[in-house]
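J.:
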Amino acid sequence: MPIPVNTPWALNQLNNIEATVPGQGTTLYNNKEAPSNEVQLYGILHNVPLSLQEINYQFDMLYKFNEWVKSKQKNGIIDSSTARVYTATDAGAYLKFTSASAVTYTINAGVAQLWDTVEIQQGGAGAVTLVQGTGTVTFNRRAGFAPKTSGVGGKITMVKVSQGSGIESWDVWGDLGT
C-alpha cells in the first residue's frame with residue numbers, strides 16, 4: 471500500500487497522536503504512513519476495532535478521492551453573446567450559447583493545451599460556428615459536415631489532438647451542421 475501524502479485536515483488535526491499499544495505502552499504513531507498489510511488484514515478478518523492510524527488513513531483516502539472527483543467536474547458557462555474567443559478557462563468547460571443570432575467561437579493557436587476538451591451546446595436559435603483565429607487551426611470532422619452546431623439543442627465536443635509551430639488540430643464531433 472502506498473504511503474499517503476496527508477491532507478491539510480490530517481496534517482493539522484491528527485499529527486503524531488499518542489496511542490496506547492497493548493504490551494508497548496504509550497507511543498506516538500505517524501499518521502503519514504499507511505497501516506501495515508498485516509494489521510489491516512488481521513483487523514478485517516478478526517473484526518478488531520480500527521486504530522486511530524487506520525481511521526485517519528481511511529479518511530485521508532476518502533478526502534483525496536473527493537478532491538479527485540471535484541477536479542474532474544466541468545465548469546458550466548452560459549454565454550448570450552454572438553462571439554467568444556477560447557481562453558484557458560474554457561478547458562474542460564460545458565459552454566451553452568443562448569443567442570438568437572449566429573455565434574462564432576474563435577480558437578487561436580497556442581492558447582489551449584494538448585487534450586483540452588470543450589463541450590458546446592446551441593441553446594438559442596443562433597448556430598455556433600467554430601472559426602480559426604490567429605495561427606493555423608484545423609477542425610477534423612466527418613466529411614460533409616461543418617464545424618458548427620446543427621440546431622437548437624445540438625451539442626458538439628472538441629478535443630485538441632495536436633500542436634506545434636503555431637499549427638494545431640482539434641477533433642470535432644457530435645450534432646454537426648452542414
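Take 471 as the starting number for the sequence shown in the numbering used here and just add one per residue. Glycine included, C-beta positions come from ideal geometry on N, C-alpha and C. Fair warning: this is a prediction, and the values are worked out from it, not measured in the lab.
With a CB to CB cut of under 6 Å and the five nearest residues on each side skipped, what residues in its chain are close to Val573?
T.: Around Val573: Thr552, Phe567, Gly596 and Val598.
J.: Can you tell me whether Lys544 is helix, strand or coil according to DSSP?
T.: coil
J.: Under 8 Å, do Arg611 and Trp585 count as touching if we go by C-beta distance?
T.: no
J.: Please list the terminal residues of the continuous beta strand (DSSP E) segment that includes Asn585.
T.: Residue 585 is actually Trp in this sequence, not Asn. Neither: Trp585 is in no beta strand (DSSP E) and is coded neither H nor E.
J.: Suppose contacts are defined by Cβ-Cβ distances below 8 Å. Is Lys625 in contact with Glu638 by that definition?
T.: No.
J.: By DSSP, does Asp530 sit in helix, in strand, or in coil?
T.: Helix at Asp530.
J.: Apart from the five residues just before and just after Ser632, which ones in its own chain have a Cβ nearer than 8 Å to its Cβ?
T.: Leu584, Glu638 and Ser639
J.: Output the boundary residues of the beta strand (DSSP E) element that contains Thr576.
T.: Val573 to Ile577
J.: Helix, strand or coil, according to DSSP, for Phe567 in the structure here?
T.: If DSSP states are grouped into helix, strand and coil, Phe567 belongs with the strands.
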